[in-house]
Amino acid sequence: MGKYSGIKKACRINDLIFNEIIGNFNFKTEKEISDFILRRFKQLHVKPAFPSLVAGNNWEIHPGPRKKKLKNGFLILDFGCKLRGYCSDMTRTLFIGKPSAFEKRLYKLVLNCQINSIKRLKVGISYRELDLNARKMLKHYRKYFVHSLGHGVGRKIHEKPAVSKNSDDIAKEGEFITIEPGIYLPGKFGIRIEDTLFVGKKIEILTKA
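Next up, the structure:
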């Protein structure tokens, strides 16, 4: 199995599991969701690419495993699998209950930043430029975007190229990267949206859920 087909199939497994989670959402704790993801990985004969993150109303980028009960508010799901040595990576932010106008506005700000960053991505673009432009799109919330815009994906979950404001890398045909802007308001909540992408003559979004 080649890199393209391996990563693409791993991403399809992410899509499948995410759709199962939201299609029958009767979970009571964060751990129940992370256990479900691990169980489905095992049933589908793949391994975790990294420890799954399930975090509600959380403003840390990567909190440790938690057994917190689910409450109304934002819920971040960040998970990926490894299929025959190739990784997938995807983050979705859900909302439990009814969001306020402010919460909707912040979610749309992150979503539009991600959509427009993907639209700007093309062979030959500077990843530094892509990251800095994403920060501009987040306006005065840019100071709450505390990680890089993305990273390379392959046999490792984080590998070259670097998609960050400090990167010297230029987008090359055949690369697999993530685009994952986020906003993390201290003491309140975090929002992150991430997809795995293939950089070709056309940009292909591999995580479609």
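Per numbering that gives the first Met the number 0, the sequence shown starts with residue 0, numbered consecutively.
For glycine and all other residues, C-beta sits at the position ideal for the given N, C-alpha and C.
Are the region 103 to 120 and the region 24 to 35 touching, with three or more C-beta to C-beta distances below 8 Å? Result no; under three Cβ-Cβ pairs closer than 8 Å.
Range of the contiguous beta strand (DSSP E) that encloses residue 174: For residue 174, the uninterrupted beta strand (DSSP E) segment begins and ends at 174 to 178.
Do residue 156 and residue 40 have their beta-carbon atoms positioned less than 8 Å apart in this structure? Cβ atoms of residue 40 and residue 156: not closer than 8 Å.
Cβ-based burial, residue 107 [other Cβ within 10 Å; buried from 16]: Around the beta carbon of residue 107, a 10 Å sphere encloses fewer than 16 other beta carbons of the protein chains shown; the residue is thus reported as exposed.
Rounded separation between residue 142 and residue 135 - CA only: Take the alpha-carbon of residue 142 and the one of residue 135: they are about 10 Å apart.
Do residue 178 and residue 80 come within 8 Å of each other at the CB atom, strictly closer than that value? Going by C-beta atoms, residue 80 is not nearer than 8 Å to residue 178.
What is the DSSP secondary structure of residue 204, counted as helix, strand or coil? Here residue 204 sits in strand by DSSP.
Is residue 45 near residue 82, with beta carbons less than 8 Å apart? Cβ atoms of residue 45 and residue 82: closer than 8 Å.
May I ask which residues mark the beginning and end of the beta strand (DSSP E) holding residue 114? For residue 114, no beta strand (DSSP E) run applies; the uninterrupted alpha helix (DSSP H) run containing it begins and ends at 100 to 119, by DSSP.
Does the region 94 to 107 come close enough to the region 65 to 79 to have 3 or more Cβ pairs within less than 8 Å? As far as the Cβ criterion goes, the region 94 to 107 touches the region 65 to 79, which means the pair count is three or higher.
Cβ of residue 10 versus every heavy atom of the ligand NAD: is any distance shorter than 7 Å? This structure simply doesn't include the ligand NAD, nor any ligand for that matter.
CA-to-CA distance, residue 100 to residue 194, given in whole angstroms: It is roughly 25 Å from the alpha-carbon of residue 194 to the alpha-carbon of residue 100.
Cβ of residue 138 within 8 Å of Cβ of residue 58? The Cβ-Cβ distance between residue 138 and residue 58 does not fall below 8 Å.
Do you know offhand how far residue 164's Cα is from residue 127's? Between the C-alpha atoms of residue 164 and residue 127 there is a straight-line separation of about 4 Å.
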